[in-house]
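Taken in sequence, the protein lines are chains D and Z.
Under this note's numbering, read the first sequence as residues 531 to 723, first letter to last.
Under this note's numbering, read the second sequence as residues 88 to 175, first letter to last.
One structure is given here, and the rest of the page talks about it.
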Amino acid sequence: MVYVKWVVRVVFWTLVLAFLHYTLPQHDIVRITDTYEKRINPGENALFWSNANTGENVAATERDVFFIQTFRTNDRPMIYRNEDTGWGWPPYFKFDTSNLQAEASDLISKKSAETAQWVAVRHYGWRNEFLSIYPNAVAIWPVAGPDARIIPWFNIVVLILLAALFWAIRVRWKRFWEGRREGQDSEWREGQR
Amino acid sequence: MVALGRLLIFGLIVLSLIYLGLSWHFRAQRRKRMERDWEETGRPGNREAYIAEGMAQYEHSLRRKLLWLVYILPVSAITLLIWLTNFN
């Protein structure tokens, strides 16, 4: 029984952490090398793609998606998709996909460039080659260099609030069950008299 | 538009549940305090009338009206987010 309890706990917390890691915004410092548009047919990986852009037909099974090709500061490639999240989940309320694509292609900087233009990309999601999934870029802005550091204030605030909420529920939960246990005890004692 | 409708409907349901829950909780808390108040001030007059008067005062208080923040805060947060993501 103890093992079952621990397995359930570990699975639960892994899922919670994975969910947060996927959904909360993260920042990468990258060099954009190209932007392109590709037709995709989401299948088993459909969970990791957005729906149609806001206002477009949601029943279409295949559509064109913007991509942004980049190299990170460690010289390894990272590809972002660029899709609307619209009014759906995750709640980024991103509608300006085409504008973002224009900004991205304006900041292209190849390896051969004399002075590389580094940019910060705010994104959510994961890159996984086996599932063919890509993080979704939400915002792009130029930074001074590859050492630029971005403090994730938003994540700090969200995580603190979540921890506070969890703690508040946990304390009340424990108090509730302890109250019940004490109640049972006293009834039992009364029976003994 | 379907997605917007879904967000509005589910948002309204969830926020209304929070609003109703909190309003019940605060009213119950207030009533308990009025009951204690009545005993501590030396049991003046009718107990029910005393509590009813206190509750009527509460219904018109700023504290009670602040509960509307349950609706106002998330809507403002979403508006701010839309502006920050798309137009900033």
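The beta-carbon is built from N, C-alpha and C at its ideal position, and this holds for glycine as well.
What you are looking at is a predicted structure, and each value in this text was computed from that prediction instead of being measured.
Task: Contact list for Z:A115 against chain D, beta-carbon separation under 7 Å - done: Within chain D, no residue comes near Z:A115; the closest Cβ sits about 15 Å away, beyond 7 Å.
Open item on the list: Taking DSSP's pairing of strands, which residues face D:W671 in a bridge?
Closed with: D:A650
Open item on the list: According to DSSP, D:R561 sits in a beta bridge with which residue or residues?
Closed with: D:F601
TODO: Over the uninterrupted beta strand (DSSP E) stretch that includes D:I609, give me the two end residues.
DONE: 607-612
Open item on the list: Please list, in chain order, the chain Z residues whose beta carbon lies closer than 9 Å to that of D:F625.
Closed with: I169, T172, N173
TODO: Within the same chain, show all residues whose beta-carbon is closer than 8 Å to that of D:R723, passing over the 5 residues directly before and after it, in chain order.
DONE: Reliability of the predicted coordinates at D:R723 is poor, the pLDDT of 47 falling under 50, and no value is obtained from them.
Task: Cβ-based contacts, 8 Å cut-off: residues of the segment 610-623 of chain D near chain Z - done: G616, W617, G618, P621, Y622, F623
Task: Residue-level contact to chain Z via CB, D:A669, 8 Å cutoff - done: yes
Task: CB of D:D594 within 8 Å of CB of D:R611, strictly - done: Judged by their CB atoms, D:D594 and D:R611 are not nearer to each other than the 8 Å cut-off.
TODO: Tell me whether Z:D124 sits in a helix, a strand or coil according to DSSP, three-state version.
DONE: helix
TODO: With 9 Å as the limit, tell me which residues of the segment 573-591 of chain D have their beta carbon closer than that to any beta carbon of chain Z; keep them in chain order.
DONE: N581, T584, G585, V588
Open item on the list: Taking the alpha-carbon of D:S635 as reference, which of D:T603, D:D564, D:A698, D:V687 has the nearest alpha-carbon?
Closed with: D:D564
Task: Minimum C-alpha distance to D:A576 - residue among D:N583, D:Y552, D:T591 - done: Nearest option by C-alpha distance: D:T591.
Open item on the list: Tell me the rounded alpha-carbon separation between Z:R118 and Z:G108.
Closed with: 15 Å
Task: Beta carbon of D:F597 nearer than 8 Å to that of D:I609 - done: yes
TODO: Would you identify the three-state DSSP class for D:R679, choosing helix, strand or coil?
DONE: D:R679: coil per DSSP, three-state reduction.
TODO: Using a Cβ-Cβ cut-off of 8 Å, state whether Z:V162 counts as contacting chain D.
DONE: For Z:V162, the answer is no, since every Cβ of chain D falls outside 8 Å of its Cβ.
Task: Interface flag, Z:L109 vs chain D, CB-CB below 8 Å - done: no
TODO: Compute the beta-carbon to beta-carbon distance between D:I663 and D:W671, rounded to the nearest angstrom, for a pair I have assumed lies under 8 Å.
DONE: Not confirmed; about 24 Å, so no contact.
Open item on the list: Taking DSSP's pairing of strands, which residues face D:K568 in a bridge?
Closed with: In DSSP, D:K568 forms a bridge with D:V595.
Task: D:W617 to D:L554 span [Cα, whole Å] - done: Straight-line Cα distance between these residues: approximately 16 Å.
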